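Visitor: Have a look at the structure that comes next, please.
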Amino acid sequence: MLARWETNGDSLKLVRRDSPGHRTSITVRGDSIGCGFAIIAGPCAVESRDQDMRAAEVVTACGVKFFRGGEFKPRTSHYAFQGLRDEGLRLLGEVRSKFGLRIVTGVMDAELLPAVAEVADVLQIGSRNMHNYPLLEVAGRSARPILLKRGMSATVQEWLQAAEYVLLAGNAQVVLCERGIRTFETMTRNTLDLAGAVMAQSNTHLPVIVDPSHAVGVADAVPALARAAAASGVDGVMIEVHPAPESALSDGQQALSPEEFRALVPQLRQLADLSGRAKEHS
Ligand code: PEP
Ligand code: MN
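For the sequence shown, the numbering used here gives the first residue as 6, with consecutive numbering after it.
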């Protein structure tokens, strides 16, 4: 199907969905995104061995297979915690081997990609880098799946065009992630564009997931938005969870506590079942 808002039919020729059944999924060591409802969870940033292991325990105990955690944090303020970098990557590698979790972590720079790809099962390109076309091209030459977050001020079309860069460079394993966009609203960190996620999903064959944590920026509101995403029929969610949100070094205000996360996961699975997305949970 040609995206309704598209003016130039060629700019999305690789990401476009050609027929209702045209869908792709990515599979990492037996667990998929795009086939059933996927949950990716973990802290905003890897802060210490203790924090990382405790977060991985919570995620594993809920039956979630994909673990997120940033080692290089693209912070708006230079003075904010920038991540543990090499040590963070090493700790993520430890989580991968100890818990068997699939690691989703960010790559901010083309030069860093090979080192990150040694540990990461899925390479995340963050909102601030969605327009970094040289990085998208290098990601397109990687053998790893790419989780492409929507730029905070990008239209759905610009987001899909960014994905097209990755596919055109040779990597068809792309997951799109809606993480909230900038609007006039100040009550929330961003505005969750669930409509945009649903439109992206219906116009492309790529899996689309929703990150309610960065969208709203307030932990109390995250479960409601995650449930809305699950009920909408998207392919999954990415949620920040921290063993002790009050002492988090980044994004603690939007992180779920272990108890909140444990209560939410079964609700998401039920809603995904109702919206026909369940069969396989990961
Ligand atoms: C993240 O998910 O780690 C992150 C920094 O989010 P975003 O790129 O959406 O701001
Ligand atoms: Mn964060």
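Think of the CB as a built atom: it goes at the ideal place given N, C-alpha and C, for glycine as much as any other residue.
Every value quoted in this text rests on a predicted model; they were computed, and no experiment measured them.
#1: Using DSSP with H/G/I as helix, E/B as strand and the rest coil, what is H286?
#2: Mind checking which residues open and close the beta strand (DSSP E) that includes V112?
#3: Does the segment 258 to 269 come within contact of the segment 238 to 249, defined as at least 3 CB pairs closer than 8 Å?
#4: Could you tell me whether the segment 128 to 144 touches the segment 104 to 118, where touching means 3 or more Cβ pairs closer than 8 Å?
#5: Within the chosen definition, does the segment 158 to 172 reach the segment 190 to 206 through at least 3 CB pairs nearer than 8 Å?
#6: So for E183, helix, strand or coil by DSSP?
#7: Do you know whose CA, among N176, L165, M192, M157, lies nearest R184's CA?
#8: Between V150 and the rest of its own chain, which residues show a CB-CB distance below 6 Å, the 5 nearest in sequence each way excluded?
#9: Residue range of the alpha helix (DSSP H) that E142 falls in?
#10: Taking the beta strand (DSSP E) that E245 belongs to, which residues open and close that run?
#11: Is V124 near L141, with beta carbons less than 7 Å apart?
#12: Rounded to whole angstroms, what's the CA-CA distance from L7 to E52? Just pull it up for me.
#13: Does the Cβ of S287 have 16 or more other Cβ atoms within 10 Å, making it buried, or fewer, making it exposed?
#14: Going by Cα to Cα distance, which pick from F104, A235, L172 is closest to R59?
#15: Quick check on T193: does DSSP put it in helix, strand or coil?
#16: How would you write the range of the alpha helix (DSSP H) that L118 sits in, first residue to last?
#17: Between which two residues does the alpha helix (DSSP H) holding V171 run?
#18: Consider the C-beta atom of R184 and the heavy atoms of the ligand PEP; say whether any pair is separated by less than 6 Å.
#19: What separation, rounded to the nearest whole angstrom, lies between the Cα atoms of E285 and Y84?
#20: Count the C-beta pairs between the segment 231 to 239 and the segment 20 to 36 that are closer than 8 Å, then say yes if the count reaches three, no if not.
Guide: Taking the geometry as given:
#1: Any answer about H286 is weak, because its pLDDT of 45 lies below 50 and its placement is not dependable; what the coordinates show is given next. Reduced to three states, the DSSP call for H286 is strand.
#2: It is not in any beta strand (DSSP E) - V112 carries neither H nor E in the DSSP assignment.
#3: yes
#4: yes
#5: yes
#6: strand
#7: M157
#8: The sequence shown places Pro at residue 150, not Val. Contacts found: I31, V127, Q178.
#9: 138 to 145
#10: 241 to 245
#11: no
#12: Below a pLDDT of 50, predicted positions are generally treated as unreliable, and L7, at 47, falls in that range; no measurement from the model is reported.
#13: Note that S287 scores 43 on pLDDT, short of 50, meaning its location in the model is unreliable; the coordinates nonetheless yield the value given after this. Result: buried.
#14: F104
#15: coil
#16: 118 to 124
#17: 161 to 173
#18: yes
#19: Confidence in E285 is poor, its pLDDT being 46 and thus under 50, which makes the residue's placement unreliable; the coordinate value appears in the next sentence. Between E285 and Y84, the C-alpha separation is close to 42 Å.
#20: no
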